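These notes concern the structure reproduced below.
In this note's numbering, the protein residues as written are 5 to 473.
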């Protein structure tokens, strides 16, 4: 006999991308949390893009889609979900409701069509379904003679608008009994590290019977913010000495804006006059659009950022910052930086070097020791970014656009900007630990390492916790 509620994973359970989790409340009632694209090794390369992302589960019983944040690996299958017949609302935070249409528009252009009329029609449908929710408040989804279900979003500290989702469900009546039990299920989404730029730090939930917990960096802890800022400064100081470019592959949303915030702080504090003329180039039209929305959402920034604004500084719109829009301008910038000895910092997508404008920079600069590549986010297995990380230190090579590129540029990684929390610390902050933890959104090694850490802590603290991989 099936017991409710129970959880089924439609993605994100066996890898880091494609997050999609179903909370089944009854045979005919369910909630969906996220619906993301598969990337890197998580994508079946024997299939077409349509086959990889086709919705292969029923959506007729889904009451609502809850979005933790708007990265493509959490919302990229939304067009496929609507094409499969999903008719319900899309619930997310207020900032996410501003950002989500931009992400989906870009995904449609890449994976579906560039027909403006079709894109606008789809975006209108998405806008009609969006239900923005404020943080910290309970919102009732179901209240009838069968169920009482409410949800609450809490700050996750991953990107602007990110949230972890609390679902409280109470079965009022079943076929043969009455139940007084209320279960609280928490979906972590992606949790940010404490003291991330611009974002309030995530606070652990007060209660969770079942916790669906990401494990992206379950096998390590991050550098603190002071250390990672020092390493960022050191990388740029080397570029100034070598007269080279620091190329930073970055997600258009989240990492780009946090990095700009840190760079503005370093320039403001720098005593070296060369920093005052250092060009910070954002070569991503999408990132530029996201940055504009970030600026418009300044009231949602954290207290530190508000203090910086109060002093008249503009951390996302400073004098050294340049944006590159057109493709011709992009090609000219790549050529100029590759030929000249003018130091610069270039931030460009994609974050895992799986496409986008960053590839053109790397094709021209990876083989030149004057330049450097700085990774600040997770590099999924099977992506060019992971290959550059892995083989760069050995003087190896990587294939980009079918071309073999020798790696002579310096390759560094700063883990703290990955914006994933130190997960055991988050768990220890809960007043009462969950009875069940389901580890998702991580490779097998990271999940196994985190499982072992949780079990060691649970045994030492006399907590009875089942950890499910």
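Built from N, CA and C at the ideal position, the CB exists for glycine as well. Here the structure is a predicted model, which means the values were calculated and not measured.
task: Work out the CA separation of residue 159 and residue 199 for me, nearest whole Å.
output: In the chain shown, residue 199 corresponds to position 195, counting from 1. In the chain shown, residue 159 corresponds to position 155, counting from 1. About 13 Å.
message: Is the beta carbon of residue 451 closer than 9 Å to that of residue 487?
response: Residue 487 lies beyond the stretch modelled for the chain, which goes from 5 to 473, so this question has no answer here.
- prompt: Got a sec: does the ligand NAD put a non-hydrogen atom nearer than 8 Å to the Cβ of residue 248?
  reply: Although the ligand NAD was asked about, the structure shown includes no ligands whatsoever.
- prompt: What number of angstroms, rounded off, separates the C-alpha of residue 488 from the C-alpha of residue 89?
  reply: Residue 488 lies beyond the range of the chain shown here (5 to 473); nothing can be said about it.
message: As a quick exercise: from 123, 176, 136, 253, pick the residue whose alpha carbon is nearest that of residue 474.
response: This structure cannot settle anything about residue 474, because the visible part of the chain is limited to 5 through 473.
message: Check whether the stretch 448-465 and the stretch 232-239 are in contact - that is, three or more C-beta pairs closer than 8 Å.
response: They do not touch, by the three-pair rule.
message: Less than 9 Å between the C-beta atoms of residue 388 and residue 404, yes or no?
response: Residue numbering aside, residue 388 sits at position 384 when the chain shown is read from its first letter. Residue numbering aside, residue 404 sits at position 400 when the chain shown is read from its first letter. Result yes, Cβ atoms of residue 388 and residue 404 sit closer than 9 Å.
task: Inspect the beta-carbon positions of residue 247 and residue 213 and report whether they are closer than 9 Å.
output: The sequence position of residue 247 within the chain shown is 243, counting from 1. The sequence position of residue 213 within the chain shown is 209, counting from 1. No.
- prompt: Under 9 Å between the Cβ atoms of residue 157 and residue 137?
  reply: Your numbering for residue 157 matches position 153 in the chain shown. Your numbering for residue 137 matches position 133 in the chain shown. Taking the C-beta atoms as reference points, residue 137 is found nearer than 9 Å to residue 157.
query: Taking the alpha-carbon positions, what's the residue 368 to residue 354 distance?
result: In the chain shown, counting from the first residue as 1, residue 368 sits at position 364. In the chain shown, counting from the first residue as 1, residue 354 sits at position 350. Near 16 Å, if we compare the C-alpha coordinates of residue 354 and residue 368.
- request: Determine the closest residue to residue 17 out of 218, 469, 440, with distance taken between C-alpha atoms.
  value: In the chain shown, counting from the first residue as 1, residue 17 sits at position 13. Comparing Cα positions, the closest option is 218.
message: Taking the straight line between their C-alpha atoms, what separation do you get for residue 78 and residue 350?
response: Counted from its first residue, the chain shown places residue 78 at position 74. Counted from its first residue, the chain shown places residue 350 at position 346. Residue 78 and residue 350: Cα-Cα distance of roughly 26 Å.
- prompt: Residues in its own chain within less than 7 Å of residue 305 by CB, not counting five upstream and five downstream?
  reply: Counting from 1 along the chain shown, the entry for residue 305 is found at position 301. For residue 305, the CB contacts under 7 Å within the same chain, skipping 5 residues up- and downstream, are 202 in chain order.
- prompt: Which word fits residue 9, buried or exposed, when buried means at least 16 other C-beta atoms lie within 10 angstroms of its C-beta?
  reply: As a working note, residue 9 is residue 5 in the chain shown. Buried, by the Cβ-count rule.
query: Going by beta carbon distance, what residues of the same chain come within less than 8 Å of residue 409, once the five residues before and after it are set aside?
result: As a position in the chain shown, residue 409 is number 405, starting the count at 1. Closer than 8 Å at the Cβ level, and outside the excluded window around residue 409, lie 366, 367, 370, 371, 401, 402, 403.
field: 8 Å contact criterion, which residue 361 and residue 288 should meet: CB distance rounded
entry: What you label residue 361 is simply residue 357 of the chain shown in a count that begins at 1. What you label residue 288 is simply residue 284 of the chain shown in a count that begins at 1. The distance from the Cβ of residue 361 to that of residue 288 is about 6 Å, consistent with a contact at the 8 Å cut-off.
field: Beta-carbon contacts of residue 185 that lie in its chain and below 8 Å, excluding the five residues immediately before and after
entry: What you label residue 185 is simply residue 181 of the chain shown in a count that begins at 1. Hits under 8 Å: 174, 175.
query: Given residue 11, which residues of its chain have a CB within under 8 Å of its CB, disregarding the five upstream and five downstream residues?
result: One-based indexing of the chain shown puts residue 11 at position 7. Counting only Cβ-Cβ distances below 8 Å, and skipping sequence neighbours, we find 25, 26, 27, 28, 189, 214, 216, 442.
field: Beta-carbon gap between residue 397 and residue 251 smaller than 9 Å
entry: For the purposes of this step, residue 397 is taken as residue 393 along the chain shown, with counting starting at 1. For the purposes of this step, residue 251 is taken as residue 247 along the chain shown, with counting starting at 1. It is not a contact, given that the beta carbons lie outside the stated cut-off.
message: Report the start-end ranges of each alpha helix (DSSP H) in the stretch 223-247 that is 4 residues or longer and not cut off at the edges.
response: Here the runs fully enclosed are 229-246.
task: Say whether the stretch 65-73 touches the stretch 93-101, bearing in mind that this needs 3 or more beta-carbon pairs closer than 8 Å, one atom from each stretch.
output: A contact exists between the stretch 65-73 and the stretch 93-101.
field: Counterpart residues of residue 453 in DSSP-defined beta bridges
entry: As a working mapping, residue 453 is identified with position 449 in the chain shown. According to DSSP, which records beta bridges pairwise, residue 453 is partnered with nothing at all.
- prompt: My guess is that residue 162 and residue 134 are in contact by the Cβ rule of under 8 Å, so how many angstroms apart are they, rounded?
  reply: The sequence position of residue 162 within the chain shown is 158, counting from 1. The sequence position of residue 134 within the chain shown is 130, counting from 1. Separation of the CB atoms of residue 162 and residue 134 is rounded to 20 Å, and the pair is thereby denied contact status at 8 Å.
query: Three-state secondary structure (DSSP) at residue 108?
result: By 1-based counting over the chain shown, the position of residue 108 is 104. Helix, per DSSP.
field: Buried versus exposed call for residue 167 [16 or more other C-beta atoms within 10 Å across all chains shown]
entry: Start at 1 with the first residue of the chain shown, and residue 167 comes out as number 163. With 16 or more other CB atoms across the displayed protein chains lying within 10 angstroms of its CB, residue 167 is buried.
- prompt: Under the three-state reduction of DSSP, which class applies to residue 394: helix, strand or coil?
  reply: Counting from 1 along the chain shown, the entry for residue 394 is found at position 390. Secondary structure of residue 394 (DSSP, three-state): helix.
Reference residue 358; option with closest CA among 315, 318, 406, 340: Counted from its first residue, the chain shown places residue 358 at position 354. For residue 358, the closest of 315, 318, 406, 340 by C-alpha to C-alpha distance is 406.
field: Buried or exposed (CB count within 10 angstroms, at least 16 for buried), residue 75
entry: If you number the chain shown from 1, residue 75 lands on position 71. Residue environment: residue 75 is assigned as buried (16 or more neighbouring CB atoms within 10 Å of its CB, all protein chains considered).
field: Per DSSP, the bridge partner or partners of residue 187
entry: What you label residue 187 is simply residue 183 of the chain shown in a count that begins at 1. Looking at the DSSP assignment, residue 187 forms a beta bridge with 173.
field: Supposed contact pair residue 268 and residue 322 - C-beta distance, whole angstroms, cut 8 Å
entry: Numbered from 1 along the chain shown, position 318 holds the residue referred to as residue 322. Numbered from 1 along the chain shown, position 264 holds the residue referred to as residue 268. Rounded, the Cβ-Cβ distance is 5 Å, consistent with contact.
query: Out of curiosity, what's the CA-to-CA distance linking residue 112 and residue 437?
result: What you label residue 112 is simply residue 108 of the chain shown in a count that begins at 1. What you label residue 437 is simply residue 433 of the chain shown in a count that begins at 1. The C-alpha of residue 112 lies about 41 Å from the C-alpha of residue 437.
message: residue 285 and residue 326 - do their beta-carbons sit closer together than 9 Å?
response: Indexing the chain shown from 1 puts residue 326 at position 322. Indexing the chain shown from 1 puts residue 285 at position 281. Cβ distance < 9 Å, so residue 326 and residue 285 count as in contact.
task: Using 10 angstroms around the beta-carbon of residue 319, count the other beta-carbons present and answer buried if the total reaches 16, otherwise exposed.
output: Here residue 319 corresponds to residue number 315 of the chain shown, with the count starting at 1. Buried is the call here.
message: Is the beta carbon of residue 348 closer than 9 Å to that of residue 428?
response: Here the question's residue 428 lines up with position 424 in the chain shown. Here the question's residue 348 lines up with position 344 in the chain shown. Here residue 428 is not near residue 348, since their CB atoms are 9 Å or more apart.
query: Grouping DSSP H, G and I as helix and E and B as strand, with all else coil, what is residue 424?
result: As a working mapping, residue 424 is identified with position 420 in the chain shown. Since pLDDT at residue 424 reaches only 49, below the 50 mark, its modelled position is unreliable, and the value read off the structure follows with that caveat. Coil, per DSSP.
task: On the DSSP bridge assignment, give the partners of residue 379 in chain order.
output: Numbered from 1 along the chain shown, position 375 holds the residue referred to as residue 379. According to DSSP, which records beta bridges pairwise, residue 379 is partnered with 417.
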